[in-house]
Ligand SMILES: Cc1cc2nc3c(=O)[nH]c(=O)nc-3n(C[C@H](O)[C@H](O)[C@H](O)COP(=O)(O)OP(=O)(O)OC[C@H]3O[C@@H](n4cnc5c(N)ncnc54)[C@H](O)[C@@H]3O)c2cc1C
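In the working numbering, the protein residues as written are 1 to 450.
Here it is as structure tokens:
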């Protein structure tokens with residue numbers, strides 16, 4: 001029997017990277033433990049700053065940190081995970097046109113594959129809307145907004161112009177509210193370059209099905225955020241859900257019709273818009289949902305030690321796991337903070353498994369949360385202290401800047417923020433172009449031709 005223990009971590013997000021870094025520290029002098037990390041991108045994406053990339057406050061590359069610069073002894077594969085076989089303890093990675101895929105064997109597996117945008121099965125919406133989950137989403141949305149400004153400036157039909165300048169965001173959580181705030185700032189700052197666009201032509205609407213925005217925040221803070229957004233001209237429609245989007249028109253209706261003894265039909269309205277941003281929730285990635293592990297709401301069901309219930313050598317952490325907090329009886333929410341806390345416990349328990357020592361239970365103890373709601377204003381709850389306005393905004397920037405794991409990226413972001421105070425917004429729309437992929441032919445296909 002081999003004395004070497006192979007730990008395989010899948011996913012290079014907050015959970016995967018934190019887990020690997022902890023494992024490296026536990027096994028820094030132990031050559032009998034081999035750690036391998038697989039992720040489809042070779043960078044860690046710092047999602048809390050994604051809306052600021054969409055608005056151009058931060059340069060695209062500054063919120064991504066190359067994974068290899070964060071690792072000491074871990075072997076890294078940039079590849080897509082195609083199959084996970086916990087019976088054979090094997091994971092298959094996709095190949096490229098240059099090289100075939102490979103299989104990796106493990107003794108211990110950590111699943112940290114994260115989540116994807118949840119379109120709730122509405123294929124049409126997935127095709128027609130914009131989202132805010134990946135770096136690509138932020139770049140594509142920025143291009144779209146600039147394109148709308150360019151078209152609207154020369155549009156003579158007032159109805160079409162209005163619809164080009166109307167942006168609807170679905171979802172009043174972190175991602176939706178921060179995107180709405182950043183978008184409004186960008187539109188107003190960029191307007192000076194578009195002489196035919198008036199302030200009143202621009203419309204940003206947020207739709208939230210729940211009765212309030214930013215669920216999970218203290219009620220007073222959520223109310224402050226709502227008022228602040230409204231003061232800045234953002235229309236927030238709570239208790240309102242999207243019923244369809246054609247690409248040119250959003251149909252909305254009441255999410256919770258008032259309780260009445262008789263049937264009360266919900267009010268239906270329509271908003272003319274060419275741009276719908278869907279941020280109404282996430283769901284674990286497909287490869288996890290379709291796996292053989294026991295899942296609930298798409299996430300891998302784990303015990304208090306974060307082990308998959310059917311396979312004790314498999315750990316699941318971050319957005320792709322499902323764990324209920326025994327105190328509130330509710331699933332632990334998908335946040336970067338929770339992903340990192342789970343990663344620390346999983347790494348500790350991997351160490352315990354290898355060294356045959358006592359495992360640690362994961363205890364959910366959120367330190368707080370923060371959200372930016374636009375120019376120099378935010379809300380924050382930290383260790384039970386509730387703050388809003390400029391102080392909260394300053395704390396948001398300081399804490400998140402310090403959370404960036406590389407000093408060179410921190411400095412670049414700080415410079416971006418400083419430049420934003422003194423200079424105009426950059427309205428250059430960078431077209432994303434793909435190089436033409438070479439056509440590959442199998443040998444016998446060529447034989448057929450001749
Ligand atoms: C706009 C936005 C703002 C947010 N703001 C906050 C905030 O302020 N505070 C907070 O706590 N949380 C915030 N979040 C939530 C936070 O980003 C997530 O909870 C966190 O990223 C989860 O970490 P994770 O490691 O589980 O997943 P991820 O960070 O999504 O990482 C998963 C990794 O797995 C990789 N992967 C997925 N599938 C495959 C595959 N098949 N093969 C190979 N690799 C794969 C992905 O490329 C990715 O690197 C925000 C999210 C968004 C979208």
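From the three backbone atoms N, C-alpha and C, an ideal C-beta is built for every residue, glycine too. Remember, it's a predicted structure, so these values are computed and weren't measured experimentally.
- Taking 8 Å as the cut-off, the Cβ atoms of residue 184 and residue 204 count as close.
- Distance from the CA atom of residue 287 to the CA atom of residue 156, rounded to whole angstroms, is 48 Å.
- Distance between residue 25 and residue 329, taken at the CA atoms: about 34 Å.
- Within the same chain, and ignoring the five residues on either side of residue 48 in sequence, the residues whose Cβ sits closer than 6 Å to its Cβ are 400.
- Separation of residue 38 and residue 66 (C-alpha to C-alpha, rounded to the nearest whole angstrom) is 13 Å.
- Residue 111 has its Cβ no nearer than 7 Å to any heavy atom of ligand 1.
- In the DSSP annotation of this structure, residue 200 is not part of any alpha helix (DSSP H), being labelled neither H nor E.
- Nearest neighbour of residue 124 by Cα position, chosen from 299, 363, 245, turns out to be 245.
- If you draw a straight line from the Cα of residue 307 to the Cα of residue 226, it is about 40 Å long.
- In this structure, 54 is the residue among 346, 54, 299, 62 with its C-alpha nearest to the C-alpha of residue 186.
- Residues 65 of the same chain have their beta carbon placed closer than 6 Å to that of residue 406, with the five preceding and five following residues left out of the count.
- DSSP places residue 17 in the helix class (H, G or I) of the three-state scheme.
- In this structure residue 181 does not touch residue 215 by the C-beta definition: roughly 17 Å separates them, more than the 8 Å allowed.
- The beta carbon of residue 337 sits closer than 7 Å to at least one heavy atom of ligand 1.
- Sequence-distant Cβ neighbours of residue 90 in its own chain, meaning closer than 6 Å and more than five residues away, are 103, 105.
- Less than 8 Å divides the Cβ of residue 22 from the Cβ of residue 347.
- A straight-line Cα-Cα distance of about 28 Å links residue 209 and residue 113.
- Burial check for residue 198: the Cβ neighbour count within 10 Å stays below 16, so the residue is exposed.
- If you draw a straight line from the Cα of residue 190 to the Cα of residue 424, it is about 8 Å long.
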